[in-house]
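If you're matching positions, the sequence shown starts at 778 in our numbering and goes up one per residue. Built from N, CA and C at the ideal position, the CB exists for glycine as well. Source: prediction; values computed, not measured. Notes for the one structure printed next.
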Amino acid sequence: KKWAAARGLPVWQPININSRESIAKLRSLAPDLFVVVAYGKILSKEVLSLPALGAINVHASLLPDLRGAAPVEWAIMLGYTETGVTTMFMDEGVDTGDIILQQA
Numbered sequence: 778k779k780w781a782a783a784r785g786l787p788v789w790q791p792i793n794i795n796s797r798e799s800i801a802k803l804r805s806l807a808p809d810l811f812v813v814v815a816y817g818k819i820l821s822k823e824v825l826s827l828p829a830l831g832a833i834n835v836h837a838s839l840l841p842d843l844r845g846a847a848p849v850e851w852a853i854m855l856g857y858t859e860t861g862v863t864t865m866f867m868d869e870g871v872d873t874g875d876i877i878l879q880q881a
């Protein structure tokens with residue numbers, strides 16, 4: 778957010794990304810791609826269908842392990858000595874999309 782604002786890029790933080798108003802605004806932007814990092818909300822099928830090239834998510838675990846919220850905290854609580862990051866295409870599930878790359 779700070780990086781974008783410092784470069785004059787618009788930042789928009791809707792209360793409900795899946796609301797009719799949010800979907801209308803996103804549609805009006807004709808997005809090519811969504812990149813989602815540490816967002817914590819589930820995007821509806823309709824929202825995911827908006828960008829021409831799809832949506833990509835960065836998740837702080839080596840999926841399919843530690844899907845969902847707070848993967849770093851879960852890794853610590855479960856005694857992991859190593860974890861990593863996954864970049865994936867988003868689908869309607871929670872961290873279930875096709876994996877693009879992973880790095881431990």
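If you ignore the 5 residues before and after S838, its C-beta comes within less than 6 Å of the C-beta of P848, T860, all in its own chain and listed in chain order. Measuring C-alpha to C-alpha distances from G870 to each of A852, K779, S821 identifies S821 as the nearest. Within the DSSP bridge table, the entry for M865 names N834, I876 as partners. With fewer than 16 neighbouring CB atoms inside 10 Å of its own CB, M854 falls in the exposed class.
Collapsing the DSSP output to three states places V849 in a helix.
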